[in-house]
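Using the numbering used here, you'd call the opening residue of the sequence shown number 1348 and step up by one each time.
Beta carbons are placed, not taken as given, at the ideal position from N, Cα and C, and that holds for glycine.
Since the model is a prediction, treat every value here as computed from it, not as a measurement.
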Amino acid sequence: MKSGRVIAAVAVLCLLLGGYLAFAALGSDKSSSDSQPGRASSDTPVMVRAVDPTNPTSNGDVFVVEDGKEIQRSGQLTCQRVYYAGGRGICMGVAPSGVEYTAAIFDSKLQVLETIPLTGLPSRARVSADGKLGAMTLFVGGDSYVESATAFSTRTSIIEMATGKTIASLEQFDVTKDGKPFDAVDFNFWGVTFAADPNRFYATLATGKHHYLVEGDLAARSLRVLRDGVECPSLSPDGKQIAFKSRVGKGDNWRLHVLDLATLADHPTAETRSVDDQAEWLDDGTLVYSDGENVYTVPADGSGEEQLLVPDAASPVRLESALGGP
């Protein structure tokens, strides 16, 4: 592979890591914040992690907000990325040392059940609807194809939520494109989103200048390329649409789009700002996402405009109902 393609493949990852690396260098006294989010304007319960506006990349406490009220707050969980479904959640963040990273598996009372050391910088997390499987994406270094010592790639794993044990790594899956085996040394995977049957999932496969939407089969350890130009997919509750961030121009700018799985055609949403997030679905017609400092909603059909949902918050998760516990 030509060095230019390698550099192009990892340049975006390097830029995204800049904020994380600067944060990690701050030390343990800056690893978390006691900030709390503002009030939500939706009667759908939403889990978020609080954002300190003066240091948005620090860990934040986990809250559940509903109809303008804080209805639950964790005394144990501080995260950079959180997700919850089916009675189990993943909280990925920086350890108190400020230079190590961990993931916590937690329950409906926001109590930690298992702690998992991470080998890279937290990026994305998802949990299957039944709470049995989880997915985590990390930024890592040291891949042989990376020519710069400061460049990073990704690692995405599927875990068993009951134990925290790794079931599979997407880097070990067989990939097909147009019915033929597909492989390259610079493959990177991120942004898993589970279907109702968690054996099936979607993710992004990056290679060269391409960002493919792939459909995965966990039992078969296989991935199938569906189309190009899709990053951080998020499957709608009815399983018919995928929200994703679509690259705009040659720089690191994205616009939220929604794809019809039946046709693979897509359209932009009314949110025109660059959003570097794996969007969530508030319902089958509404997306919820963060710009890194606040949580917003926007209609999925391209109409309307974005609306502030929860200020000083990130990593939103739609909940089916309020969680158990105090």
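Cβ-Cβ distances below 6 Å link D1575 to H1557, Y1559 in the same chain, with the five nearest sequence neighbours on each side left out; the list follows chain order. The Cβ neighbour count for H1604, taken over all protein chains shown within 10 Å, is at least 16; the residue is labelled buried. Residue pairing from DSSP leaves F1534 without any beta-bridge partner. The closest CA to that of K1512, considering only L1656, P1464, Y1636, is found on P1464.
Assignment of beta-bridge partners to S1569 by DSSP yields D1521, D1564.
Cβ neighbours of S1583 within its own chain (closer than 6 Å, five residues either side excluded): W1628, D1631. Listed in chain order, the non-local C-beta contacts of T1484 below 6 Å within the same chain comprise S1470, R1471, T1501, T1503, W1537, local neighbours out to five positions each way being set aside. Rounded to the nearest whole angstrom, the C-alpha separation of F1534 and K1416 is 43 Å. Here the C-alpha atom of V1642 lies approximately 12 Å from the C-alpha atom of D1623. When C-beta atoms of the stretch 1448 to 1462 are compared with those of the stretch 1521 to 1534, fewer than three pairs fall below 8 Å, so the two segments do not count as touching. Our two residues, L1460 and I1505, have alpha carbons roughly 18 Å apart in a direct line. Counting along the chain, the unbroken beta strand (DSSP E) around L1465 starts and ends at 1459 to 1465.
With fewer than 16 other Cβ atoms inside 10 Å of its own Cβ, G1639 counts as exposed.
Contact between V1664 and E1653 is absent: CB atoms are separated by about 19 Å, not below the 8 Å threshold.
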